[in-house]
Amino acid sequence: MANRWKIPKDVEELVKKRDTKCIYCGVLFSSENNSRKDSPSWEHIINDIRINDTDNIARCCISCNSSKGSKSIQDWLRSDYCRKKGINSHTVSAVVNLVLKKAQKTNKN
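The sequence shown finishes on residue 105 if you use our numbering, and the numbering steps up by one all the way, no holes.
This is the structure in structure tokens:
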């Protein structure tokens, strides 16, 4: 059974175990969720709600999710927000780098 974002339950569970910190800025998620800064939110790395697998579904902090919005990952990584926070292709998590590498291969073909 999928959740309200149509993320399959098995994907949701795997991603929760994998992403214990923001995939973008690296902030650790708090179990108390006292602050929105350390609260996780669901993220489609590629902004396509039809892609609901573990290669595209991740958890990031609410701040990064709000900043990224509907931007492509490539455009967002060039944003002022990322520059100010030191977020780039070398600092993001492995799942994000997989998406970036796939996009690079696609653009070369």
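Glycine included, each C-beta is placed from N, C-alpha and C at the ideal position.
Let me check understanding here. Comparing Cα to Cα, which of K12, Q70, E39 and K2 lies closest to S27?
K12
Whether L10 touches K17 by CB criterion (7 Å):
no
Are the CB atoms of S66 and N43 nearer to each other than 7 Å?
yes
Under 8 Å by Cβ, that's how I've got L96 and S89 pegged, so tell me the actual separation to the nearest angstrom.
Going by Cβ atoms, the distance from L96 to S89 rounds to 11 Å, so no, they are not a contact pair.
Can you give me the Cβ contacts of L94 inside the same chain, cut-off strictly under 7 Å, excluding the 5 residues immediately before and after it?
D51
By Cβ distance, which residues of its chain are closer than 7 Å to Y77, with the 5 residues on each side in sequence left out?
S63
Selection from C57, N61, R79 and Q70 that minimises the alpha carbon distance to N100:
The residue you asked about is not Asn; residue 100 is Gln in the sequence shown. If we check each option's Cα against that of Q100, Q70 comes out closest.
Could you check whether N61 and S171 sit closer than 7 Å to each other, using their CB atoms as the reference points?
One cannot answer for residue 171 here, as it falls past the ends of the chain, which runs -3 to 105.
Among V7, N(-1), N103 and D15, which has the Cα closest to the Cα of C56?
D15
What did DSSP end up calling E39 once you bin it into helix, strand or coil?
strand
Relative to the C-alpha of I3, which residue among V92, D49, I41 and I19 is closest?
D49
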